[in-house]
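Please read the structure below before turning to the comments.
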Amino acid sequence: VDQFAIRRVNVPDHDSQYGADRGAITSAYLGEALDKGAEKFDWLKKQAQSGQRRGSKVIGVGIGQAFHSAGSNGFDGLVRLTPEGKLHIHTGVGNLGTYSYAVTSRVAAEVLKCDWNNCVIERGDSSVGLPWNLGQFGSNTSFTMTRTNYAAAMDAVGKLKEIAARDLGGAPDDYEIGDEVVFRRSNPSQRLTYAAAAKRAIQLGGKFCGDEMADDLNPMTKAAVRGLAGTGLVGVAKDNLPRTGMVPALAAGFIQIELDLETGKFEILDYLGVADCGTVMHPQGLAAQIRSGAVMGFGMAALERQVYDPQYGLPRSVGLYQAKPPSYLDVAVGMGAEAVDQPDPQNPVGAKGIGEPLMGCASAALLCAISDALGGHYFNRVPVLPDMILNAASKRPQSHTPLQVNTD
């Protein structure tokens, strides 16, 4: 069976259903990810090289794909315009190395049309006033936190227009924002700078400066707003945007290896990961995630051997010798990173999460390539280690049973 063809015909689409309850999903572009990967990886050419021998070494190719739910809703966003004209974006997202703390905050800056250099990200310390946000796990951050920052920024936009209407006349809908001012559409000379509006918010009090807030906010967010009250124009809101389906993060991986049938070891010659993560918000950060997720996947597939004492059940893999994390020497010299870059319709900026699938698709691709090099032998387990490869190549029985997955 052709590895690409069977995957392409079985991909989910936007109308696919999920789980035992057959629930809806928000978007699925795995087919486009496979198509893009096949083109960029030159799959047909590499597939034709499958089985080629060079002494004891044989070429194998593989395609992997993976899924993880990647978004939630119902959390709170919090922003603040100060009398100095600065936009403070308060976020519960920390710096995990993926740039998500900054890129999800940037949504607020773009909604308010603020210069990014005029923004301050408040994070990592509850004393600076942080809203109730979802933990950073399960590929949830991008989808969830862009929505909360959007909600808070839109609340701030509404308050800017209300203040302008109070001071300059007309109705809030008569006003627009841009270049850090709120101005009247029919007469742009009638305007307030964000700095002036922040000062006015403090004078007006109530909902404008954080003295009053919506009842549906989480107690943690309410405490943060009380601590910030009177310091500027406060935009705070719960994410009540609609979400009518599960948010799927999807990824595809393409790999070519050279397997040594005498040692059971292999070399990764080339790898490409393709993400279906909605709108790409930070290309550099995404590329780093695709490559680093692949490295983790290679480790899960072929290096992370977990050995337990059969009598006492205690772990015997107590050092990196038994479960070595992959290093530069274990991966391809140049690993490719691509994305479909199609927006998810239930996120205001089109974003979805992507973390876990990048590991899963790489692991699956590597396992398929090992099987391909062995003529179609399926191990049905991870990790697949050199002794198992040698047993398969020489038609010897394995030392493990089918249910001994990820352990020995």
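One point on numbering: in our numbering, the residue at position 150 of the sequence shown is 265, and numbering is uninterrupted. Virtual Cβ for every residue (Gly too), placed ideally from N, Cα, C. Model, not experiment: these values are computed from the prediction.
Per the coordinates, the alpha-carbon of residue 338 lies some 10 Å from the alpha-carbon of residue 242.
Residue 384 is positioned such that its CB atom lies closer than 7 Å to that of residue 373. Taking all protein chains shown into account, residue 429 has fewer than 16 neighbouring C-beta atoms within 10 Å of its C-beta and is therefore exposed. Proximity of the region 235–255 to the region 468–480 meets the contact definition, three or more beta-carbon pairs being nearer than 8 Å. At least 7 Å separates the beta-carbon of residue 390 from that of residue 419. Take the alpha-carbon of residue 154 and the one of residue 417: they are about 27 Å apart. Following the DSSP letters along the chain, one finds residue 256 inside the alpha helix (DSSP H) bounded by residues 256–283. Counted as a single uninterrupted DSSP element, the stretch harbouring residue 124 is not any beta strand (DSSP E) but the alpha helix (DSSP H) occupying residues 118–124.
From the listed residues 263, 246, 308, 260, the smallest Cα separation to residue 276 is found for 308. Counting only runs of at least 3 residues, the region 388–472 fully encloses the following beta strand (DSSP E) elements, listed from N- to C-terminal order: 450–454. Boundaries for residue 196: no alpha helix (DSSP H) harbours it, while the beta strand (DSSP E) harbouring it runs 191–196, taken from the DSSP string. Note on residue 231: under 16 other CB atoms within 10 angstroms of its CB, so exposed under the neighbour-count rule. Burial check for residue 301: the Cβ neighbour count within 10 Å stays below 16, so the residue is exposed. By the Cβ-count criterion, residue 327 is exposed, with fewer than 16 other Cβ atoms from all chains shown falling within 10 Å of its own Cβ. With distances taken between CA atoms, residue 381 lies nearest to 445 out of 508, 410, 445. Within a 10 Å sphere around the beta-carbon of residue 314 sit 16 or more other beta-carbons, which makes this residue buried. Excluding its 5 nearest sequence neighbours in each direction, residue 235 has C-beta neighbours in its own chain below 8 Å: 201, 202, 203, 204, listed in chain order.
Membership of residue 242 in any alpha helix (DSSP H) is not indicated, and neither H nor E is assigned to it by DSSP.
Note that the region 476–490 does not touch the region 421–435; fewer than 3 beta-carbon pairs, one per stretch, sit closer than 8 Å. The DSSP-derived three-state label of residue 519 is coil. Rounded to the nearest angstrom, the gap between the Cα atoms of residue 290 and residue 130 is 40 Å. Here DSSP, grouped into helix, strand and coil, assigns residue 324 to coil. The C-beta distance from residue 174 to residue 369 rounds to 14 Å, too long to meet the 8 Å contact threshold. Sequence-distant Cβ neighbours of residue 484 in its own chain, meaning closer than 6 Å and more than five residues away, are 175, 176, 177, 370, 372. Here residue 356 carries a coil assignment [DSSP, helix/strand/coil]. Counting C-beta pairs with one atom in each stretch, the region 255–273 and the region 179–191 have three or more that are closer than 8 Å, which means they touch. Scanning the region 151–202 for uninterrupted alpha helix (DSSP H) segments of 4 residues or longer gives 158–163, listed from N- to C-terminal end.
Comparing C-alpha distances from residue 329 to each of 343, 344, 319, 352 shows the shortest one belongs to 352.
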